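Visitor: Sequences listed follow chains P and U, in order.
In terms of this note's numbering, the first sequence opens at residue 699 and continues consecutively.
In terms of this note's numbering, the second sequence opens at residue 339 and continues consecutively.
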Amino acid sequence: MASAQEPRPSGDVDLASGPGRILIAVYGVFAVAATGRSLVQLGIDADRAPLAYGLSLLAAVVYLVATTCLLLGGRRARLVAIVACTVEAVGVVVVGTLSYLATDLFPDRTVWSHFGQGYGFLPLVLPIAGLAWLRHSSPSRVG
Amino acid sequence: MNVWVLGLVLLLAAAAAVWTILMIVRDESPPSDPYFALLGVLALALLGQLVGGLIALGMTDREIEGVTFVSYLFTALLVLPVGAALALIERTRWGTGVLLVALLAVAACEARLWTMWTAGG
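#1: According to the neighbour-count rule (16 or more other Cβ atoms, all chains shown, within 10 Å of its Cβ), is P/A732 buried or exposed?
#2: Please work out which residues of its chain come closer than 7 angstroms, Cβ to Cβ, to P/L803, disregarding the five sequence neighbours upstream and downstream, and give them in chain order.
#3: To the nearest angstrom, report how far apart U/G396 and U/T430 are at their CA atoms.
#4: Mind checking if P/V823 is an interface residue toward chain U, Cβ cutoff 8 angstroms exclusive?
#5: Skipping 5 residues on each side, what residues in its chain have a beta carbon closer than 6 angstroms to that of U/T413?
#6: Can you grab the Cα-Cα spacing for the pair U/M454 / P/V763, in whole Å?
#7: Assign U/M339 to one of three DSSP states: helix, strand, or coil.
#8: Would you say U/A440 lies against chain P (beta-carbon separation less than 8 angstroms)?
#9: Using the three-state DSSP reduction, which class does P/A700 fall into: helix, strand or coil?
#10: Counting only Cβ pairs nearer than 7 angstroms, list the residues of chain U close to P/S715.
#11: Whose Cβ in chain P lies nearer than 7 angstroms to the Cβ of U/S409?
#12: Please tell me whether P/L768 and P/A714 are closer than 8 angstroms, where the distance is taken between their beta carbons.
#13: Closest Cβ-Cβ distance between U/T406 and chain P: below 8 angstroms?
Below is the structure:
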């Protein structure tokens, strides 16, 4: 963490510094929220809405992966973070749409239902912000 | 759940949030000692709420999902020190911005706690 202030030799912007900190903070909160939610849901009443609860768990894993990769930095973590953010973006749009169209599929809410309405629509904004930051901070040879 | 404690927590969090925004605008980082004192008072209020919330949950007849309720009580308390640590590591306005995220998370936890408590009754 002490090296966070020093520029990388390659001119690469550290993923975890500057605006990245905010992103990590928000991702961290969502990782905790989604993990907690899915564990409680699966632990108490897994049969009630297996699809919704399974998706909650998937969302939790994606948030955890994204948080970790943003913290780690480096080329591989960057690639994994791009995949995680993309999965997230697709997930929130698909689940968000389905939760309006096929309400019987989702008897209980997930983090991504109704485009993340229960979380101030942040789940919709977060992957976009994540991808934007990954692109902005990337060394020119990758971005 | 004591509505006055909840009100106090929200009031302190709101005051800290305004202060945080001022620091971000003026580009003051890391946050000053008086600011951390305010966060300390907020943490004490949250600790009181945690203890009071656990007692209230144990005594109430309301239908409340205990695990979720307790995890919100803990999250509200624990998110502050994590945010403060990040703000001290990253000594720029972005680091201070993390504190705003933490305070919003506290407010979100309070809202959820209150919704659960009133819906359960």
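For glycine and all other residues, C-beta sits at the position ideal for the given N, C-alpha and C.
These figures come from a predicted structure and were not determined experimentally.
Guide: Reading off the structure:
#1: buried
#2: L749, L796
#3: 43 angstroms
#4: no
#5: C447
#6: 29 angstroms
#7: coil
#8: yes
#9: Confidence at P/A700 is low in this model, with a pLDDT of 46, below 50, so its placement is unreliable and the value that follows should be read with caution. Helix.
#10: E428
#11: G734
#12: Contact flag set, yes.
#13: yes
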